[in-house]
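Take the sequence shown: its letters are residues 812 to 1197, numbered as in our numbering.
Glycine included, each C-beta is placed from N, C-alpha and C at the ideal position.
Please read these numbers as outputs of a predicted model, since none were measured by experiment.
Here the structure is laid out as structure tokens; the discussion comes afterwards.
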Amino acid sequence: MIQKPIYLDYHSTTPVDPRVVEIMVYYMTTAFGNASSIDHTYGDEAEKAISKARFSMAQLVNASPKEIVFTSGATESINLAIQGSIPHNHQLKIAISPVEHKAVLDTCKALAQKGLVNIIYLHVDSKGNLDLEHLEKVCREGVSLLCIMAANNEIGNIYPIQTIGKIALKYNIPFLCDGSQSIGKIPLNFNDWGITYLAISGHKLYGPKGVGALVVRKGYHLEPIIFGGGHQKGIRPGTLNVSGIVGLGEACRLRQLEMNEDEAAIAIKRNKLQQLLEEQISGLVVNGDTSSRLAGNLHIAIPDIPNSAIIARIRHQLAISTGAACSSGVESPSHVLRAMKLKDNIIEGALRIGLGKFTTDAEIEQAAAILSNTVNQTRQVMVKNK
Ligand code: PLP
């Protein structure tokens, strides 16, 4: 049997928890009804399952079940929040951090090109942390939407959402928080932290791909970006992805029960991996804010060795990445590391490692050996070829 590479790319996606799969299969095969079919019990059962999922998700982020709008994932949720906020005959003035995911940056850029959005970029330092004084100044001067992620998908930084929410509340600015990487890993309190819109993605928390949600604070109105049968009060029409939503709900329920214990165990493994790599690879750099990062994140750089050279050598043994999952197939230097103004040799040598709850101690030992041997061999080859 061919052995699969060790998977350490949990920021890109997580495997679906087998308990989530089990419940999803039931809603695909036995209880496959359309949640909008009110004339028979197949529909009733699907509708009941959706309500349960809504409840589990609401519990995890401390929101009301009524505030949840199901979508196809965080990209759609973010688009709904941003595009749905554009006022009639006016430009949306939006303040965003330059280290946001492309789902935010590209949406804003595309709308700016159409003249619908005016983007104000917030400032980050070399560790990827936000300048909160500048953020407050921007809010004081007036914007119509503030958009900050709760945790970064490359460097793993955790942002002070509670403090940022307070600033947004103080200046009465709607606040979109991209919770894709953080929900189910760190506590997030939609209700108490001044968040107006919260984007969720199923496949980052051991749920399925292609399903997510936007939590929309009561009293806030968004214009729909697609039109159809009036599902979900018309904000996001379309037949509900029942099995996907059920899977997302179950993933949320499990995260609520197991998050603290799992994340503590993941942090120990991540620290071990970092220690091994630091011991075995001279000149290794750890990027981001190591005092406030996701338990599963380890973002390193091996200056002067292009990350592509490492990836090419290890890809059949170890699944790590050069940065965010690349959809275009064209790799470009990370916009996150560029925004942090890191040196070119650090950016070019950057590798993102993501651990999750299925990562084992043995995998950590093996991954450290694979990576450090590869780096040291590549170094020798580069010296010889000089
Ligand atoms: N935001 C962040 C921070 C992400 O990491 C991702 C996924 O890579 C997204 C948004 C997009 O999520 P989805 O894949 O559910 O559209």
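Going by beta carbon distance, what residues of the same chain come within less than 7 Å of T1185, once the five residues before and after it are set aside?
I1121, R1124 and I1125
Beta-carbon contacts of N940 that lie in its chain and below 7 Å, excluding the five residues immediately before and after
N968 and D1100
T886 Cβ short of 7 Å to ligand 1 heavy atom set
yes
Does DSSP put L933 in a helix, in a strand, or in coil?
coil
Given a cut-off of 8 Å, decide if V880 and P909 are closer than it, judged by their beta-carbon atoms.
no
Let me check you understand the geometry: is the CB of H773 closer than 7 Å to at least one non-hydrogen atom of ligand 1?
This structure cannot speak to residue 773, because the chain is shown only from 812 to 1197.
Cβ contact (3+ pairs, closer than 8 Å) linking the region 1051 to 1060 and the region 859 to 866:
yes
Hey, would you say the C-beta of S1132 is under 7 Å away from at least one heavy atom of ligand 1?
no
What number of angstroms, rounded off, separates the C-alpha of E1034 from the C-alpha of N983?
20 Å
Taking the alpha-carbon positions, what's the L956 to L1182 distance?
42 Å
Which of helix, strand or coil does DSSP assign to K1080?
helix
To the nearest angstrom, how far is it from the Cα of V1026 to the Cα of C919?
20 Å
Using three-state DSSP, classify G976 as helix, strand or coil.
helix
Could you please give me the residues that DSSP links to T882 through a beta bridge?
G1023
Do you know whose CA, among Y821, Q870, I1158 and Y970, lies nearest C1063's CA?
Q870
Measuring straight from C-alpha to C-alpha, what distance separates Y818 and A1178?
9 Å
Excluding the five sequence neighbours on either side, which residues of its own chain have a C-beta within less than 7 Å of the C-beta of G1018, listed in chain order?
V827, V831, G1058, L1059 and A1062
Roughly how many angstroms separate the alpha carbons of P876 and I975, rounded to a whole number?
24 Å
Pick helix, strand or coil for L1059, following the three-state DSSP scheme.
helix
Please name the residue in K977, K1044 and A961 whose C-alpha comes closest to that of S1012.
A961
Run through DSSP, which three-state label would N968 get?
strand
Enclosing alpha helix (DSSP H) for D1100 [first to last residue]
Here D1100 belongs to no alpha helix (DSSP H), and DSSP marks it neither H nor E.
Is the region 1166 to 1174 touching the region 1064 to 1082, taking contact as three or more C-beta pairs under 8 Å?
yes
Have a look at L999, C950 and S937 and flag the residue whose alpha-carbon is nearest the alpha-carbon of V1096.
S937
Pair within 8 Å by beta-carbon distance, M933 and A892:
One point to set straight first is that residue 933 is Leu, not Met, in the sequence displayed. For L933 and A892, no; Cβs fall outside 8 Å.
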